[in-house]
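**Q**
There are 2 protein chains.
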Amino acid sequence: MAKEKPDLVYGTLDMLILKALQYDPRHGLAIADRIQQMSNDILHVEQGSLYPALYRLEAQGWIKAEWGVSDNNRKARYYKLTAAGRKQLSAEEEHWLRITKGIDLVLAGG
Amino acid sequence: MAKEKPDLVYGTLDMLILKALQYDPRHGLAIADRIQQMSNDILHVEQGSLYPALYRLEAQGWIKAEWGVSDNNRKARYYKLTAAGRKQLSAEEEHWLRITKGIDLVLAGG
DNA sequence: ATCCTTTACCAAGACTGTCTAGGCATCCAA
DNA sequence: TTGGATGCCTAGACAGTCTTGGTAAAGGAT
């Protein structure tokens, strides 16, 4: 059997996470759930991709973490966007639009 | 300085190459040129990405290679789509549309 | 009380695809 | 005869995702 393509487009997870945090802070699994739900179940975020991405983003200063308690009364690490994160999000959206436009032009057949 | 994003969306090169070969056989550099041109200079394909991709595609049986002579009278390896390659192209386009729709839904803000 | 399931976080290593940075051969013009 | 342009090619670094494993705590069921 052929190997399946990943559930994500490589390199877009950071943008998706920032977007999921745009309006409210959330904890890790809630971010993954939110992305899946916002995408109408098209996208699926594996935990093994999620947590490394969260560290990346935090290390870049785009999100900030804080321990809290989830709706289910469990210890959870809440992330929220920083000002730099908002800037980054808008830069990534712009980049995404630009590149996908390029790809769409190619697919449209020149 | 921040690191620049790549000129391509990781994982889309195979699709772009297949698309560039959809109507005519071409040699390697001409494929890269064609993608760049079709995308209005938005996308740029490095040789170090191009050739490995061509081997991949040939190994999968999606393209077939043959030595020839370029317009500039140079030895060049011409690639053309196979029947399986056409199928693959359409599968990849479908997958691309699906995933980008998911991403666009997320970006639209849920 | 004890177990089981669910929630939540985390890590190690494999894998894949792109990029950087080289190199070789040939053609043609200066 | 030298140098630029064309065309193919490779090795190794690198980044991001996936697979697979784990821990801990809450809450319900037995």
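Heads up: the protein sequence lines correspond to chains A and B, in order.
Using my numbering, you'd call the opening residue of the first sequence number 394 and step up by one each time.
Using my numbering, you'd call the opening residue of the second sequence number 394 and step up by one each time.
Here a beta-carbon is modelled for each residue, glycine too, at the ideal position from N, C-alpha and C.
For clarity, every value in this text was computed on a predicted model and none was experimentally measured.
Find the residues of chain A that neighbour Y472/B, judging by a C-beta separation of less than 9 Å, and give them in chain order.
**A** Those within 9 Å of Y472/B in chain A number zero; the least Cβ separation is about 16 Å.
**Q** Going by other Cβ atoms of all chains shown within 10 Å of its Cβ, with 16 needed for buried, is G441/A buried or exposed?
**A** Burial call: exposed.
**Q** Identify the continuous alpha helix (DSSP H) that holds E439/B and give its terminal residues.
**A** It is not in any alpha helix (DSSP H) - E439/B carries neither H nor E in the DSSP assignment.
**Q** Of the choices D417/A, T405/A, L406/A, whose alpha-carbon is the least far from that of Y471/A?
**A** Out of D417/A, T405/A, L406/A, D417/A has the C-alpha closest to the C-alpha of Y471/A.
**Q** Could you compute how far the alpha carbon of G421/A sits from the alpha carbon of E486/A?
**A** Whole-angstrom Cα-Cα distance: 21 Å.
**Q** My understanding is that K473/B touches I456/B, with C-beta atoms under 8 Å, so please give their C-beta distance in whole angstroms.
**A** About 6 Å separates the two Cβ atoms, so the contact holds.
**Q** Could you tell me whether the Cβ of T475/A comes closer than 8 Å to any Cβ of chain B?
**A** Not one chain B Cβ lies under 8 Å of T475/A.
**Q** Starting from W460/A, follow the alpha helix (DSSP H) in both directions and report where the run begins and ends.
**A** Not the alpha helix (DSSP H): W460/A falls in the beta strand (DSSP E), residues 456-462.
**Q** Assess, as a yes-or-no matter, whether the segment 436-450 of chain A is touched by the segment 398-410 of chain A under the definition of 3 or more beta carbon pairs within less than 8 Å.
**A** Contact holds: three or more Cβ-Cβ distances are below 8 Å.
**Q** S432/B: buried (16+ other C-beta within 10 angstroms of its C-beta) or exposed?
**A** Flag for S432/B reads buried.
**Q** Just to confirm, is the Cβ distance from V499/A to K412/B under 8 Å?
**A** Cβ distance < 8 Å, so V499/A and K412/B count as in contact.
**Q** Listing by chain order, which chain B residues have their CB less than 8 Å from the CB of V499/A?
**A** The contacting residues are L409, K412, A413, I428, M431, S432, L436.
**Q** So Q415/B and L490/B are in contact, right, with Cβ under 8 Å, and what is the actual spacing, rounded?
**A** With 8 Å as the limit, Q415/B and L490/B do not qualify as a contact, their Cβ atoms being about 16 Å apart.
**Q** Does DSSP classify R491/B as helix, strand or coil?
**A** Note: R491/B maps to helix in three-state DSSP.
**Q** Quick one: Cα of A476/A to Cα of W460/A, how far?
**A** One C-alpha to the other measures close to 20 Å.
**Q** Where does R470/A sit, in a helix, a strand or coil, going by DSSP?
**A** Of the three classes helix, strand and coil, the one that applies to R470/A here is strand, per DSSP.
**Q** Under 7 Å between beta-carbons, which chain B residues line up against R491/A? List them in chain order, please.
**A** Here the neighbours are I435.
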